[in-house]
Amino acid sequence: MNTTGTSRRAFITRTAAAGIGSMALARKSFAAPDADTYFAGAAEREITPPIGMEITHFVRENIGVHDPLFLRALVLRDHNGRQLALLSADAIGAGFATCDEIRNRIKTECGMDEVWFSCSHTHSGRWILSSPTPGRIYTEELWWDDGTHVALTDRPEELVWNTEVHQKLVSAVNEAKDRLEPAVLKTGRASVKIGINRRVTRPDGFTQMGWNRNGQIVPWVSSLSAHSKETKKPIFVLFEHAAHPVTVPHHSKLVSADFPGAAVKKLRQSLPTDCIAAFSQGCSANINSFPLRTTHGDAEAAGFKLGEAALVALDRSQVITGNAIRFKTVPTLLPTMPLPSERIVEEQLQIQREHPDRIKQLMKIAHFRTTGQPPPPRRLDAHGLMLGKEFFLVALPFEHFSHTERWVDDHAPFANTMTFTLTNGGRGYIGSDKGLAMGVNGGYEAGCMPNWSAHEVMSPNLGPPAIGSEKIIQGAIEALWS
Ligand SMILES: [Zn+2]
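Under the working numbering, think of the first position of the sequence shown as 167, with each following residue one higher.
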């Protein structure tokens, strides 16, 4: 354990060294024409926030580093020269403003045709924020999207770190591009359980967080790997599992990637040193890692278990045929649950007088009601990657319940599937229809007014998604492969 942490000087030194290392990497002499094959390359950068830059969630002091945070870039190219970058970061999340900025920048500066940015959702790291620009207006929507109430320009140290993270994403993609070589792609799966369904419905009907041992989870890890045609060695292993990274205790003041970091560590013990292992988060809105918030040692044990399963998936993986990368985005808007009744709003305006934030939200609702406008919808762009007949990867913004991943796996006409959430934007939860139909009893992830502990009640959408969202999401995902 490194409790001494990372000084700003050490961080800057590492950053500089990473840049030199990248430049020193000789561009591969490989210059063969794009033959009948896939091409793959990968790179990583450390993005550990310096001591003093608080970590979340829950928000707490940062006095050092238990294990460092990384971002990883995987680049795929097909025989037509189409290029896709899959990026994953040890971060709790990133909103649409941030993801749009990163994706557009990398498309422009690195010549990528498509870029996806995923967050592992570690609860012992930070949000990645969008860059302040001259004249930028910090609207409430942007505060919510960026997960902050303090402009980045008012936090000079974080502005430096955040800017470096954006730059490192670009440099990692460029390095991965430089490393592109003819590759065989493979996909695999193995059984593993490191989490428990966290939604418990009490006898009175109210849903709260707990351990629902019979509740649904996603009991597997899926992998997508690239293997050098020349050396046969793996170039990267991307693996996905669904569980909130919340085994690190919330009283720990040490930065950690939680179990995903330990899983990567486990994989690397068995992989060549230059092979990049990268984790992406599945549909974990209703799943917590187990045990919950105990010790760093427990997080490592859970991660090692996941890493061992990912190695089994790799071992069992099958070759992906074809030589073409197909990707697609289906832009979608999810309607929001109808506004609470006038009676509820009136009652709550009386009850919540000591809570200015809630009164503000109620006044907005009253305004929407008076003007006859529906509450704002959510942007939910679905992104799909199709490789051969064997592999389908869907990437979604926001956090989704496990049933979405199970549905994808049951319905997608491919041998193997992966579902990423917390990708390309979104802050908060998309409840299942069943959860949303519980109304005020729907709990933290799906509840509506006047359940003030429900996450989406304070959102700019003024409530959770509408019942029926499940069908809309499934329709968008089907449109990806059809
Ligand atoms: Zn979450």
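Ideal placement from N, C-alpha and C gives every residue a C-beta, glycine not left out.
If you draw a straight line from the Cα of G259 to the Cα of L237, it comes to about 13 Å.
Under the DSSP definition of a beta bridge, E227 lacks any partner.
Here C265 carries a helix assignment [DSSP, helix/strand/coil]. In the pairwise beta carbon analysis, the region 583-598 is classified as not touching the region 519-531: fewer than three pairs are separated by under 8 Å. Taking one beta carbon from each stretch, the region 509-517 and the region 440-448 have fewer than 3 pairs nearer than 8 Å; the two do not touch. For the pair L240 and L404, the CB atoms are nearer than the 7 Å cut-off.
Proximity of the beta carbon of E341 to ligand 1 is not indicated: no heavy atom of the ligand is located closer than 6 Å.
Inter-residue distance for I268 and E565 is about 20 Å (C-alpha atoms, whole angstroms).
Boundaries of the beta strand (DSSP E) harbouring V366: G361 to T367, taken from the DSSP string. Listed as beta-bridge partners of I221 by DSSP are R226. Taking 6 Å as the cut-off, the C-beta of E622 does not count as close to any heavy atom of ligand 1. The DSSP-derived three-state label of Q516 is helix.
The Cβ atoms of S450 and H410 lie closer than 7 Å to each other.
Under the 10 Å beta carbon count, V231 is surrounded by 16 or more other beta carbons and is classified as buried. Set against 6 Å, the gap from the CB of E210 to the closest heavy atom of ligand 1 is not smaller.
DSSP places Q382 in the coil class of the three-state scheme, outside both helix and strand. Between A342 and A208, the CB-CB gap stays under 7 Å.
Judged by DSSP secondary structure, T583 falls outside any alpha helix (DSSP H) and instead within the beta strand (DSSP E) spanning N582 to F586. For V331, no beta strand (DSSP E) segment is defined; the enclosing uninterrupted segment is the alpha helix (DSSP H) at P322 to D344. Here the region 385-396 lies against the region 579-587, with 3 or more beta-carbon pairs under 8 Å apart. Within the DSSP secondary-structure output, K494 pairs in a beta bridge with G550.
Not one heavy atom of ligand 1 sits closer than 6 Å to the Cβ of E611. These are the residues, in chain order, with a beta carbon less than 6 Å from any non-hydrogen atom of ligand 1: H287, H410 and E565. In this structure the region 480-496 does not touch the region 357-366; the number of beta carbon pairs closer than 8 Å is below three. Of the candidates S254, V421, T305 and L458, the residue whose Cα lies closest to the Cα of T214 is V421. If you look at E347, you'll find it in the beta strand (DSSP E) that goes E347 to S357. Counting C-beta pairs with one atom in each stretch, the region 300-314 and the region 273-287 have fewer than three that are closer than 8 Å, which means they do not touch. Around the beta carbon of D576, fewer than 16 other beta carbons lie within 10 angstroms, which makes this residue exposed.
Taking S286 as reference, the option from A612, T502 and A428 with the minimal CA-CA separation is A428. In the DSSP assignment, R211 forms a beta bridge with L237. For the pair V336 and S418, the Cα-to-Cα distance works out to about 31 Å. According to DSSP, C285 shares a beta bridge with A255. In the three-state DSSP reduction, P426 falls in the helix class (H, G or I).
The beta carbons of T264 and K395 sit about 36 Å from each other, so the pair does not count as a contact at 8 Å.
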